[in-house]
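**Student:** Start counting the sequence shown at 2; every next residue gets the next number (my numbering).
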Amino acid sequence: MSAVRRLEADGADELVERETELRLLSRLVGDLELGHGGSALVLGPAGSGRTALLDQVASLATERGLQVFTARGSATEAELPYGLLSQLLASIPELADVPWLHAALSDGTDVQVLHELLCQRLLESARRRPVLLVVDDLILADEQSEAWLAALQRRRGSDPVLLIAAHSGPQDADGDGADPLCLGGLPWENRHVVRLRPLSEAAVRRLVHAVPAPRPPVAEVYAATRGNPALLAEVLARSAAGPGPGAEITAITADVRRDTVLDLLARLPSDLAALVRTIAAIGTLDEAYLRPLAAPLGMPLNRALRVLADSGLIGTDPAEPMNPQVATWVLAATGAEERAGTRRRAAELGHRRAAPEEDVAGLLLGSQPVGEAWALETLHAAALRRREAGDHTEAARYYRRALAEPAPPGTSARLRLELETVEASSCPFTGGLRLARATRVSDGDDTVRTRLSAVDLMMQRGARDDALRELAVLSEAVADDRDRADLTALHWLAEGTGAGAVLLGIPALTDLDPTSLTPEQTAAASWLATTACRDGRVARRLARRAADPSNEPMTLYSPRLALAITFTQTDDVLEALSVYEEVIADASAAGAGVPVALGLTGQAWIHLQRGRVQAAEEALAKATASGPPDGWPPTVTASLSTIAIAAGLTRGDLEAAQRAVDAAVDGGPLYSTPYLLFMRGLLELDLKRHRRALGLFQECGRRMNAIGWQNPGLVPWRSHVAIAAQALGDEHTAAAMISEEWRLAQDWGTRTAIGRTHLGAGVAVRSEDAVFRLTQAVNALQQSPARVLYVEAVLLLAAAQINRGQTSGVPRLLREAERLATAYQLAWATSRIADLGKRLSDRPRRSYRTASRRWRALSPAATDLVRRVLANASNAELAEELGVSKRAVELRLTAIYRQLEVTGRAELRELFDALDKEL
Numbered sequence: 002m003s004a005v006r007r008l009e010a011d012g013a014d015e016l017v018e019r020e021t022e023l024r025l026l027s028r029l030v031g032d033l034e035l036g037h038g039g040s041a042l043v044l045g046p047a048g049s050g051r052t053a054l055l056d057q058v059a060s061l062a063t064e065r066g067l068q069v070f071t072a073r074g075s076a077t078e079a080e081l082p083y084g085l086l087s088q089l090l091a092s093i094p095e096l097a098d099v100p101w102l103h104a105a106l107s108d109g110t111d112v113q114v115l116h117e118l119l120c121q122r123l124l125e126s127a128r129r130r131p132v133l134l135v136v137d138d139l140i141l142a143d144e145q146s147e148a149w150l151a152a153l154q155r156r157r158g159s160d161p162v163l164l165i166a167a168h169s170g171p172q173d174a175d176g177d178g179a180d181p182l183c184l185g186g187l188p189w190e191n192r193h194v195v196r197l198r199p200l201s202e203a204a205v206r207r208l209v210h211a212v213p214a215p216r217p218p219v220a221e222v223y224a225a226t227r228g229n230p231a232l233l234a235e236v237l238a239r240s241a242a243g244p245g246p247g248a249e250i251t252a253i254t255a256d257v258r259r260d261t262v263l264d265l266l267a268r269l270p271s272d273l274a275a276l277v278r279t280i281a282a283i284g285t286l287d288e289a290y291l292r293p294l295a296a297p298l299g300m301p302l303n304r305a306l307r308v309l310a311d312s313g314l315i316g317t318d319p320a321e322p323m324n325p326q327v328a329t330w331v332l333a334a335t336g337a338e339e340r341a342g343t344r345r346r347a348a349e350l351g352h353r354r355a356a357p358e359e360d361v362a363g364l365l366l367g368s369q370p371v372g373e374a375w376a377l378e379t380l381h382a383a384a385l386r387r388r389e390a391g392d393h394t395e396a397a398r399y400y401r402r403a404l405a406e407p408a409p410p411g412t413s414a415r416l417r418l419e420l421e422t423v424e425a426s427s428c429p430f431t432g433g434l435r436l437a438r439a440t441r442v443s444d445g446d447d448t449v450r451t452r453l454s455a456v457d458l459m460m461q462r463g464a465r466d467d468a469l470r471e472l473a474v475l476s477e478a479v480a481d482d483r484d485r486a487d488l489t490a491l492h493w494l495a496e497g498t499g500a501g502a503v504l505l506g507i508p509a510l511t512d513l514d515p516t517s518l519t520p521e522q523t524a525a526a527s528w529l530a531t532t533a534c535r536d537g538r539v540a541r542r543l544a545r546r547a548a549d550p551s552n553e554p555m556t557l558y559s560p561r562l563a564l565a566i567t568f569t570q571t572d573d574v575l576e577a578l579s580v581y582e583e584v585i586a587d588a589s590a591a592g593a594g595v596p597v598a599l600g601l602t603g604q605a606w607i608h609l610q611r612g613r614v615q616a617a618e619e620a621l622a623k624a625t626a627s628g629p630p631d632g633w634p635p636t637v638t639a640s641l642s643t644i645a646i647a648a649g650l651t652r653g654d655l656e657a658a659q660r661a662v663d664a665a666v667d668g669g670p671l672y673s674t675p676y677l678l679f680m681r682g683l684l685e686l687d688l689k690r691h692r693r694a695l696g697l698f699q700e701c702g703r704r705m706n707a708i709g710w711q712n713p714g715l716v717p718w719r720s721h722v723a724i725a726a727q728a729l730g731d732e733h734t735a736a737a738m739i740s741e742e743w744r745l746a747q748d749w750g751t752r753t754a755i756g757r758t759h760l761g762a763g764v765a766v767r768s769e770d771a772v773f774r775l776t777q778a779v780n781a782l783q784q785s786p787a788r789v790l791y792v793e794a795v796l797l798l799a800a801a802q803i804n805r806g807q808t809s810g811v812p813r814l815l816r817e818a819e820r821l822a823t824a825y826q827l828a829w830a831t832s833r834i835a836d837l838g839k840r841l842s843d844r845p846r847r848s849y850r851t852a853s854r855r856w857r858a859l860s861p862a863a864t865d866l867v868r869r870v871l872a873n874a875s876n877a878e879l880a881e882e883l884g885v886s887k888r889a890v891e892l893r894l895t896a897i898y899r900q901l902e903v904t905g906r907a908e909l910r911e912l913f914d915a916l917d918k919e920l
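1. With burial defined as no fewer than 16 other Cβ atoms inside 10 Å of the residue's Cβ, what is the status of residue 180: buried or exposed?
2. By DSSP's criteria, residue 192 is part of a beta bridge. Which residues make up the other side?
3. Assign residue 885 to one of three DSSP states: helix, strand, or coil.
4. If we ignore side chains and look at the alpha-carbon of each, how far apart do residue 308 and residue 79 end up?
5. Give every residue of the same chain whose Cβ lies closer than 8 Å to the Cβ of residue 750, excluding the five residues on either side of it in the sequence, and list them in chain order.
6. In this structure, does DSSP put residue 70 in helix, strand or coil?
7. Mapping the DSSP letters down to three states, classify residue 315 as helix, strand or coil.
8. In whole angstroms, what separates the C-alpha of residue 328 from that of residue 227?
9. Which whole-angstrom value describes the C-beta separation of residue 543 and residue 533, a residue pair presumed to lie in contact below a C-beta threshold of 8 Å?
10. Could you tell me which whole alpha helix (DSSP H) segments of length 4 or greater appear in the region 562-640?
11. State whether the region 352-369 contacts the region 295-307, with contact taken as three or more CB pairs (one from each stretch) at a distance under 8 Å.
12. Using 8 Å as the threshold, is the C-beta distance between residue 778 and residue 756 below it?
13. Pull up the CB-CB distance for residue 678 and residue 704, whole angstroms please, since I reckon it's below 8 Å.
14. Using C-beta distances below 7 Å, list every residue in its chain close to residue 419, excluding the 5 sequence neighbours before and after it, in chain order.
15. Taking DSSP as the reference, what is the three-state secondary structure of residue 269?
16. Could you check what DSSP says for residue 518 in three-state terms: helix, strand or coil?
17. Could you name the residues of the same chain whose beta carbon sits closer than 7 Å to that of residue 921, not counting the 5 residues immediately before and after it, in chain order?
18. In whole angstroms, what separates the C-alpha of residue 456 from that of residue 706?
19. I'd like the span of the beta strand (DSSP E) that includes residue 755, first residue to last.
20. In this structure, how does DSSP classify residue 500 when only helix, strand and coil are distinguished?
21. When the Cα of residue 638 is compared with those of 463, 782, 573 and 523, which residue comes out closest?
22. Closest to residue 460 by C-alpha separation, out of 20, 488, 479 and 449, would be which residue?
23. With contact counted as at least three CB pairs below 8 Å, one residue from each stretch, are the region 32-43 and the region 154-164 in contact?
24. If you check the beta carbons only, do residue 48 and residue 232 fall under 8 Å apart?
25. What span of residues does the alpha helix (DSSP H) with residue 834 cover, start to end?
26. To the nearest angstrom, report how far apart residue 515 and residue 523 are at their CA atoms.
27. Starting from residue 291, trace the alpha helix (DSSP H) in both directions and tell me its first and last residue.
28. Do the region 136-155 and the region 17-30 touch if we need at least three Cβ pairs shorter than 8 Å?
29. Considering Cα atoms alone, identify which of 610, 69 and 591 is closest to residue 396.
30. Among the candidates 90, 33, 211 and 193, whose CA atom is the shortest distance from the CA of residue 17?
31. Could you tell me which residues DSSP puts in a beta bridge with residue 168?
32. Mark residue 407 as exposed unless 16 or more other C-beta atoms lie within 10 angstroms of its C-beta, in which case mark it buried.
33. Please state the DSSP three-state secondary structure of residue 466.
34. On the CB-based measure, 16 or more other CB atoms within 10 Å of its CB, does residue 60 come out buried or exposed?
35. Spatial neighbours of residue 131 within its chain, please: C-beta separation below 6 Å, excluding the five flanking residues on both sides.
36. Determine the DSSP secondary structure at residue 260, reduced to helix, strand or coil.
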């Protein structure tokens with residue numbers, strides 16, 4: 002007994018949940034016993050118990066003394082004329098004298114006459130004793146036998162003949178559409194349709210509990226077998242014979258199904274088996290494709306497809322012509338050469354028929370080389386589509402297959418380079434090696450551009466030394482002016498100072514006229530100006546020149562990422578976001594994951610500066626999801642960790658920040674590492690672990706100096722060394738660090754850099770200078786994009802003024818801080834505002850005596866200057882009256898404000914409100 006027959010027989014022993022169907026068929030047998038004929042159709046997929054149910058009915062009819070004649074269609078006899086009929090009528094006594102069918106046909110017997118004779122003899126037998134005809138797998142009947150059954154149905158009339166047939170027809174249709182016999186012209190009267198549904202979970206539970214212990218979990222068995230009785234029986238049998246209840250039910254079920262499929266495939270006629278292998282190879286039921294590809298068949302193609310569908314080897318849905326697992330098993334049993342040849346012929350046919358390019362590429366993926374240009378173009382296009390979708394693994398498969406096609410040397414070199422680039426994006430451990438190998442392709446103008454792209458990606462991965470070595474090799478092959486300019490820009494960025502390399506023909510940045518630089522070179526120059534902290538205005542001019550829309554678009558990522566950081570540091574954050582967006586779009590289209598991730602983390606950093614924490618976290622989530630979880634190079638992992646820590650700190654969630662620190666990976670002394678060290682130091686500072694914070698800030702500074710980054714706008718490590726040192730009592734170090742950072746911030750000149758330095762000084766210096774420093778920080782940051790820093794400065798200033806008793810301006814500061822904290826959802830700021838408000842309300846109000854004492858402390862010249870200020874004289878008017886410069890007036894007023902412990906004109910007026918009449 003075959004595997005399939007055995008499964009159905011095993012399932013039949015139980016006939017679980019088939020009571021209703023059995024009662025219906027038993028009633029029909031009872032009617033036949035009384036002389037009433039009819040017909041019934043049993044529908045159910047393979048393994049649903051069709052055969053078991055028919056066997057029960059046949060046994061019942063035999064017990065009641067009826068004549069029972071059985072037959073079963075099979076794929077092996079579907080091509081044999083009258084194969085099913087020969088089974089059905091072989092044991093009928095009335096047909097003993099009829100010449101056997103194939104002999105009669107070979108003698109030229111008329112088919113109609115033969116059908117009439119056979120029907121007449123069968124009906125005569127039925128009149129003497131009722132006849133039950135049982136036909137299993139009717140869909141596999143040969144055409145001649147099906148025609149005779151149609152003739153019998155037409156001739157039967159009221160004679161006591163009951164025909165019960167079974168097949169795997171549609172389970173959700175009614176009427177004639179559910180009856181394949183109607184397709185053969187069989188008239189059905191008094192027809193009954195019995196549909197066999199999968200077993201319920203309750204029935205599966207009964208069967209599982211019927212086997213000896215230990216038993217497998219019912220839920221797993223039900224999910225794996227989907228209530229198929231035959232499959233369930235074999236799974237339970239193998240599970241009981243296996244290693245015990247720990248055996249994986251899913252694996253056992255897959256083994257049973259595989260054995261069933263392979264057994265069926267082995268028993269099929271060779272032509273049908275070849276058709277199954279063709280469908281598995283090309284994945285379609287389209288007869289227009291199958292007809293020229295399939296081997297000669299012994300039956301019409303549409304009938305062959307019905308036969309295979311009934312067996313369960315193929316489906317009927319064009320969207321899924323074959324279950325993927327079944328296709329895998331069939332292909333595994335097919336020779337590699339046969340598979341590849343079939344797919345090649347299918348691809349060629351699809352190309353001629355103008356099939357969708359994606360479908361043709363899928364066929365080419367597993368085919369033999371075609372040797373024609375269209376195949377290479379189709380595979381390359383498919384690889385590019387996969388890269389654009391971010392599916393690097395699949396893109397690499399198409400590239401490797403494309404390289405199997407014959408191509409000119411330059412084309413092959415370019416394909417190899419693109420393949421190495423894609424594989425570098427998907428493999429963290431060999432990415433640098435692959436990119437280095439990609440630059441070793443043959444020289445030629447058609448490959449230099451992609452070799453430069455490979456070096457570009459090396460730099461984003463942090464392999465700066467490797468990039469310099471590859472640029473040195475590549476410099477000998479570059480002939481085109483634009484390629485030479487791009488190579489120069491990459492060399493400046495990798496080397497970090499713009500010194501160039503005379504022996505390689507790479508000029509120094511200072512040797513070139515700034516107006517003659519290409520956009521990539523100008524972007525590199527702006528970044529070098531930023532890191533060296535030369536002049537923010539110069540860096541801004543260079544950056545805007547590089548981003549000029551009239552320029553030819555930049556194709557390399559590293560110069561554009563450097564340009565975006567420069568815009569960020571010059572407070573042009575909208576320009577920076579725009580550049581990042583272009584990088585993300587271009588890199589996504591090219592399937593380059595690293596620049597996508599760096600662009601997204603760059604955007605996230607800007608969002609955090611501007612207080613848009615949710616937008617930053619969304620960008621961080623996109624960056625994390627844009628590549629393999631363990632597949633990022635150190636530059637990206639450090640950037641992701643930096644943003645995660647910063648987001649936690651900005652929200653005031655120190656636990657989230659600590660989790661991000663615990664998961665952080667240090668990327669080495671390159672791009673993101675100083676940021677990561679700085680963020681870790683900020684967390685330690687918030688946790689009051691000042692010594693740890695000091696060590697992290699100092700290490701950050703060492704790495705900044707090692708790579709030549711002097712700009713405090715990039716990472717203000719000096720002022721934070723000062724804060725940690727002051728907390729540890731080292732006032733000398735604090736003062737030195739503040740002095741150095743202030744000098745650099747003035748050189749750079751942006752509001753954010755100056756404001757942040759004042760902010761650090763306001764925390765690190767003595768209390769009598771804190772109000773002044775923090776006032777300057779608020780004034781600078783008020784117009785900068787660093788909104789979170791501005792809130793921090795406002796709150797620190799409010800606290801310092803309360804500490805100094807200068808409370809007149811505090812309510813205004815708290816209102817400003819509350820407005821921004823609400824807008825940016827800064828929970829940490831909200832709690833501090835409430836605390837400062839309480840401190841303010843608890844302090845006694847300023848008295849007339851205090852104002853009078855401070856007024857008397859002023860010199861006559863200062864008193865006169867205060868009178869003029871309170872009379873609303875502007876600084877320019879005062880300068881003109883006193884005959885001095887405006888700057889001299891500002892310095893005198895600053896000294897007076899310090900002496901009176903106020904921050905400006907508004908507080909000055911509030912201080913002396915009580916003395917208005919006297920003044």
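Each residue gets a CB set at the ideal place from its N, CA and C atoms; glycine is no exception. Please read all numbers here as calculations on a predicted model, not as lab measurements.
**Tutor:** With the structure as the only source:
1. By one-based count along the sequence shown, residue 180 stands at place 179. At residue 180, the pLDDT of 45 sits below 50, so the modelled position is not reliable and the matter cannot be decided from this model.
2. One-based indexing of the sequence shown puts residue 192 at position 191. According to DSSP, residue 192 bridges with 40.
3. Along the sequence shown, read from residue 1 onward, the residue named residue 885 stands at position 884. For residue 885, the secondary structure class from DSSP, reduced to helix, strand or coil, is coil.
4. Within the sequence shown, numbered from 1, the residue matching residue 308 stands at position 307. Within the sequence shown, numbered from 1, the residue matching residue 79 stands at position 78. Straight-line Cα distance between these residues: approximately 8 Å.
5. For this step, residue 750 is matched to residue 749 along the sequence shown. Around residue 750: 536, 537 and 538.
6. Here residue 70 is taken as the residue at index 69 of the sequence shown, counted from 1. The answer is strand: DSSP assigns residue 70 an E or B state.
7. By one-based count along the sequence shown, residue 315 stands at place 314. It is coil, neither helix nor strand.
8. Here the question's residue 328 lines up with position 327 in the sequence shown. Here the question's residue 227 lines up with position 226 in the sequence shown. Each residue's alpha carbon lies about 20 Å from the other.
9. Within the sequence shown, numbered from 1, the residue matching residue 543 stands at position 542. Within the sequence shown, numbered from 1, the residue matching residue 533 stands at position 532. The beta-carbon distance between residue 543 and residue 533, rounded to whole angstroms, is 12 Å. This is too long to meet the 8 Å contact definition.
10. Correct list: 574-591, 594-610 and 614-626.
11. With the cut-off at 8 Å, the region 352-369 and the region 295-307 do not touch.
12. The residue given as residue 778 occupies position 777 in the sequence shown. The residue given as residue 756 occupies position 755 in the sequence shown. Less than 8 Å divides the Cβ of residue 778 from the Cβ of residue 756.
13. Numbered from 1 along the sequence shown, position 677 holds the residue referred to as residue 678. Numbered from 1 along the sequence shown, position 703 holds the residue referred to as residue 704. The Cβ separation is near 7 Å, so the contact holds.
14. Residue mapping note: residue 419 aligns to position 418 of the sequence shown, counting from 1. 400 and 451, listed in sequence order.
15. Stepping through the sequence shown from its first residue, residue 269 is reached at position 268. Secondary structure of residue 269 (DSSP, three-state): coil.
16. Against the sequence shown, residue 518 aligns to sequence position 517. Note: residue 518 maps to coil in three-state DSSP.
17. The structure shown has nothing for residue 921, since the chain only spans 2 to 920.
18. Against the sequence shown, residue 456 aligns to sequence position 455. Against the sequence shown, residue 706 aligns to sequence position 705. Using only the alpha carbons, I get a separation of about 25 Å.
19. By one-based count along the sequence shown, residue 755 stands at place 754. Residue 755 -> not in any beta strand (DSSP E); alpha helix (DSSP H) instead, spanning 752-765.
20. In the sequence shown, residue 500 corresponds to position 499, counting from 1. Coil.
21. Residue mapping note: residue 638 aligns to position 637 of the sequence shown, counting from 1. Of the candidates 463, 782, 573 and 523, the one whose C-alpha sits nearest the C-alpha of residue 638 is 463.
22. Within the sequence shown, numbered from 1, the residue matching residue 460 stands at position 459. Closest option to residue 460, Cα to Cα, is 488.
23. Verdict: yes, contact present.
24. As a first step, residue 48 must be located in the sequence shown, where it is residue number 47. As a first step, residue 232 must be located in the sequence shown, where it is residue number 231. Annotated as proximal: residue 48 and residue 232, with beta-carbon spacing under 8 Å.
25. The sequence position of residue 834 within the sequence shown is 833, counting from 1. Unbroken alpha helix (DSSP H) run through residue 834: 828-843.
26. The sequence position of residue 515 within the sequence shown is 514, counting from 1. The sequence position of residue 523 within the sequence shown is 522, counting from 1. For residue 515 and residue 523, the distance between alpha carbons rounds to 7 Å.
27. As a first step, residue 291 must be located in the sequence shown, where it is residue number 290. Judged by DSSP secondary structure, residue 291 falls within the alpha helix (DSSP H) whose first and last residues are 288-294.
28. They do not touch, by the three-pair rule.
29. Here residue 396 is taken as the residue at index 395 of the sequence shown, counted from 1. Minimum Cα distance to residue 396 is reached at 591.
30. Taking the sequence shown and counting its residues from 1, the one referred to as residue 17 is at position 16. For residue 17, the closest of 90, 33, 211 and 193 by C-alpha to C-alpha distance is 211.
31. In the sequence shown, residue 168 corresponds to position 167, counting from 1. Per DSSP, 44.
32. The residue given as residue 407 occupies position 406 in the sequence shown. Around the Cβ of residue 407, a 10 Å sphere holds fewer than 16 other Cβ atoms; the residue is exposed.
33. Counted from its first residue, the sequence shown places residue 466 at position 465. When DSSP states are grouped into helix, strand and coil, residue 466 belongs to the helix group.
34. Here residue 60 is taken as the residue at index 59 of the sequence shown, counted from 1. Answer is exposed; the Cβ neighbour count stays below 16.
35. The residue given as residue 131 occupies position 130 in the sequence shown. Annotation for residue 131: 33, 67 and 161 place their beta carbon closer than 6 Å to its own, counting only its chain and skipping 5 residues before and after.
36. Residue 260 sits at position 259 when you count from the first residue of the sequence shown. It is helical.
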